[in-house]
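Undergrad: Chains as they are written, first to last, in our numbering: chain A, 1 to 365; chain B, 1 to 365.
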DNA sequence: ATGGTTGCCGTACACGTGTGCAATAAGGAG
DNA sequence: CTCCTTATTGCACACGTGTACGGCAACCAT
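1) Taking residue 205 (chain B) and residue 269 (chain B) to be in contact with their CB atoms under 8 Å, please state how far apart those CB atoms are, rounded to whole angstroms.
2) Helix, strand or coil, according to DSSP, for residue 50 (chain B) in the structure here?
3) Pick out whichever of A:33, A:79 and A:173 has its Cα sitting closest to the Cα of residue 59 (chain A).
4) Can you tell me whether residue 311 (chain B) is buried or exposed, with buried defined as 16 or more other CB within 10 angstroms of its CB?
5) Please go through the same chain and pick out, in chain order, the residues whose beta-carbon is closer than 6 Å to the beta-carbon of residue 191 (chain B), but skip the five residues on each side of it.
6) Mind listing, in chain order, the continuous alpha helix (DSSP H) runs of no fewer than 4 residues lying wholly within the stretch 71-103 of chain B?
7) Please decide whether residue 244 (chain A) counts as near chain B, where near means a Cβ-Cβ distance under 8 Å.
8) Thinking residue 337 (chain A) and residue 301 (chain A) are a contact (beta carbons under 8 Å), I'd like their distance in whole angstroms, please.
9) Which value, in whole angstroms, describes the spacing of the CA atoms of residue 188 (chain B) and residue 355 (chain B)?
10) Going by DSSP in three states, residue 311 (chain B) sits in which element: helix, strand or coil?
11) Beta carbons nearer than 8 Å to chain A: which residues of the stretch 62-84 of chain B have them?
12) Expressed to the nearest angstrom, what Euclidean distance is found between the alpha-carbon atoms of residue 349 (chain A) and residue 151 (chain B)?
13) Can you list, in chain order, the residues of its chain with a C-beta nearer than 8 Å to that of residue 112 (chain B)? Leave out the 5 residues immediately preceding and following it.
14) Report the residue from B:351, B:156, B:333 and B:161 whose alpha carbon sits nearest the alpha carbon of residue 83 (chain B).
15) Where do the ends of the beta strand (DSSP E) carrying residue 170 (chain B) lie?
16) With a threshold of 8 Å between beta-carbons, can residue 366 (chain B) be considered close to chain A, or not?
17) Could you run through the stretch 131-146 of chain B and flag, in chain order, every residue whose CB is less than 8 Å away from some CB of chain A?
18) Out of B:68, B:299, B:54 and B:38, point me to the one whose CA is closest to residue 28 (chain B)'s CA.
19) Taking 6 Å as the limit between beta carbons, can you name the residues of its chain near residue 368 (chain A), skipping five residues before and five after?
20) Please go through the stretch 204-263 of chain A and give each complete alpha helix (DSSP H) segment of 4 or more residues, from N-terminal end onward.
21) So with CB distances below 9 Å, who are the chain B contacts of residue 90 (chain A)?
22) Could you tell me the distance, in whole angstroms, from the CA atom of residue 142 (chain B) to the CA atom of residue 322 (chain B)?
23) Between B:231, B:207 and B:211, which lies nearest to residue 239 (chain B) when the distance is taken from Cα to Cα?
24) Please identify the residue among A:162, A:182 and A:259 whose C-alpha is closest to the C-alpha of residue 344 (chain A).
25) For residue 245 (chain B) versus residue 292 (chain B), is the C-beta spacing smaller than 8 Å?
26) Under 8 Å by Cβ, that's how I've got residue 382 (chain A) and residue 315 (chain A) pegged, so tell me the actual separation to the nearest angstrom.
27) Out of curiosity, what's the CA-to-CA distance linking residue 242 (chain A) and residue 254 (chain B)?
28) Considering Cα atoms alone, identify which of B:123, B:298 and B:80 is closest to residue 74 (chain A).
29) Return no unless some Cβ of chain A is closer than 8 Å to the Cβ of residue 220 (chain B).
30) Which residues in chain B sit within 8 Å of residue 96 (chain A), going by Cβ to Cβ distance?
31) Tell me which same chain residues have a C-beta within less than 6 Å of the C-beta of residue 19 (chain A), skipping the five on either side of it?
32) Of all Cβ atoms in chain A, is any one closer than 8 Å to the Cβ of residue 124 (chain B)?
33) For residue 86 (chain A), which residues of its own chain have a beta-carbon under 8 Å away from its beta-carbon, when the five flanking residues on both sides are left out?
34) Can you tell me the Cβ-Cβ gap for residue 122 (chain B) and residue 92 (chain B), rounded? I've got them flagged as a contact below 8 Å.
35) In three-state DSSP terms, what is residue 122 (chain A)?
36) Would you mind telling me which residues of chain B sit closer than 7 Å to residue 270 (chain A), beta carbon to beta carbon, in chain order?
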């Protein structure tokens, strides 16, 4: 442009000519800036870090030149020397699961606010992919890991521990090993949903679980049982069934429930996705929700309020949980110790998918 | 542990003692492996790359030792020297939008298959965050970028172009600038949906758009108009309204439609999320879907089939689109040129949310 | 004038990996 | 036995950044 060279007219021209032609192709490096500013590259490094060790106007000049040249420090070079990549990994089973993506949203948001990048590791529920994904994380030298996959938590945590970086699990604990985790009050939440049904007069209440839910499924199931026990309702094993996350399996399980001699008048579902399948199966048999069968979910995904009838469910502040997990991870990465378990309260949201139990001749609690 | 030093008893001990204590803390480096294998570090590097330049049994020994030590090559060091990070960025407006996360799924999957990592850049629909996210990508030296955000495409593409890496847009073109993109047949798809309604006897058909849909909203709106024109139905400006992605705004727009003197008997929605809001608003006025008002969506998100009534919509193979975008990006990154525009066919899925137009006295096409 | 600060900057490393080139040994041909 | 190939390995760099340390000038106090 129109800027002048400053001083030093002699010798400089010849000495720098041999590198200048290549400058256009590469991204400018710290050395290019140093040459233009007539200083050494450490001075540039310090100036851009606002170090007090460099003269104020020298620093200003350097920053100006860096700006003009569109200089962007290489995070990879910096990562090599500082041994910190300012990158965290987000390990997810299925990213297109609304729960996972909501948590991911919270994680990504807080990470970005602190200048951390998020490496997305999608395991796709495929064991081979999961293993490879973890190997990748090792090579990438991430500073920390957030896991939103109960399956990975349960099966691969030992592999992850070998990476020797802080890990925070979301909605999953690892039995037997002390690991940092952010969880919802699974048991209390499902208990509240079940008690809500009991108050509405239901006695035959089914539980539709998810065999891939691992720890969280176990906790919710326990909450369901606790509510029954407290109300003096016996636990009927034939009413506690499970799917595997696929809609087909869930619907089949619900059909089986409704073929029983005394079918349930209400179904507590492991989560909202499961409830979606359950409601469809119920309707497929010509029954109505909630007049014939009440349904509850878990999560309060975005669509829950928009269904007809709107879904009664247990709300998880998913995005906030992602934020908390990330903040927890920051603490651990900076060397502070932090609470091993953070438990978040669950809130029952009553909507239209639950109603008073229908009158039947069999009814006699 | 219990491993022996091998040979070289003299001199070695003293010379290496000063480094060994730190070995336990650090991840093993290529030099550590080299020392244990009694070779130079370049030999280790070549052995682990299966280079034919290294003796077969030497290579085997080296690989064995590397395995035992749990050695993982540092991708950051490699990235520094090769000037390729094997990392792509996935730029998303809102990750918790089901469309985005489905595309992200496809992108992540194919990237992982080729050994590429995915850096998640969530713009959160916040201009300041978007700018910062792009700066981050520059520093991280990503090899390529996939954008699933019509807004970023429209506003920040110039910034992105400055990074000088290949870019592929999903469902968004950048008007005026030639950019690689994978898009659905927006216009044809919406036209098919509208024609479907016309065949059912509808004449007063509304279009509920999204002002943040930019290019894809414009194309779908054009498809809607084209269908009307072909059927000889005049375009009524008061029937073409728009929301902004938030359910509140959409519902308000639909309420306004239904307050018209001759309200529409059908609503074509920009996408499934919009349709969710529209159906709720319709029901809030005591009207039934589809008996009183038919509704169509766009995307065929997972919940569309599970609604009551199930949603008639235009299917986008979102995950496949993510895969195609990624494969396209691979081509570009390897220097090959590739088709600038890849257009995918859209498929109309007819379900229960559309029905024959109700008989009315005003009806006379 | 001398010694000691202080402020600022450059020199010389280091981080962990990849690669061109030279060096060495082994083997074959003459 | 000598020369030329070929196979294998090590040496010396480079990549772009951060930082401990020393040097130098200016300033102050003696």
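Here a beta-carbon is modelled for each residue, glycine too, at the ideal position from N, C-alpha and C. The model shown is predicted, which means the values in this text are computed figures rather than measured ones.
TA: In brief:
1) That pair is no contact at about 11 Å.
2) coil
3) For the set A:33, A:79 and A:173, the Cα lying nearest the Cα of residue 59 (chain A) is the one of A:33.
4) buried
5) The residues are 223, 226 and 227.
6) 75-82
7) Residue 244 (chain A) is outside the set of residues whose beta carbon lies under 8 Å from a beta carbon in chain B.
8) Their Cβ separation, rounded to whole angstroms, is 34 Å, which puts residue 337 (chain A) and residue 301 (chain A) out of contact at 8 Å.
9) 21 Å
10) Under the three-state reduction of DSSP, residue 311 (chain B) is assigned to coil, being neither helix nor strand.
11) 70, 72, 73, 74, 75, 76, 77, 79 and 80
12) Each residue's alpha carbon lies about 34 Å from the other.
13) 118
14) B:333
15) 167-170
16) In this structure chain B extends from 1 to 365, so residue 366 (chain B) is not present and cannot be described.
17) 132, 133, 135, 136, 138, 139, 140 and 141
18) B:68
19) Only positions 1 to 365 of chain A appear in the structure, and residue 368 (chain A) is not among them; the question remains open.
20) 214-230 and 247-258
21) 120
22) C-alpha separation (whole angstroms): 18 Å.
23) The option with the nearest alpha carbon to residue 239 (chain B) is B:207.
24) A:182
25) no
26) What the structure shows of chain A is the stretch from 1 to 365, and residue 382 (chain A) is not part of that stretch, so it cannot be assessed.
27) 40 Å
28) B:80
29) No, residue 220 (chain B) does not count as interfacial toward chain A.
30) Taking a Cβ-Cβ threshold of 8 Å, the residues of chain B close to residue 96 (chain A) are 98, 101, 102, 104, 105, 302 and 319, in chain order.
31) Unreliable placement is indicated for residue 19 (chain A), whose pLDDT of 31 sits below 50; no coordinate value is reported for it.
32) For residue 124 (chain B), at least one C-beta of chain A is nearer than 8 Å to its own C-beta.
33) 75, 79, 115, 116, 117 and 143
34) Contact check for residue 122 (chain B) and residue 92 (chain B): beta-carbon distance about 5 Å, within the 8 Å limit, so the pair qualifies.
35) strand
36) Within chain B, no residue comes near residue 270 (chain A); the closest Cβ sits about 16 Å away, beyond 7 Å.
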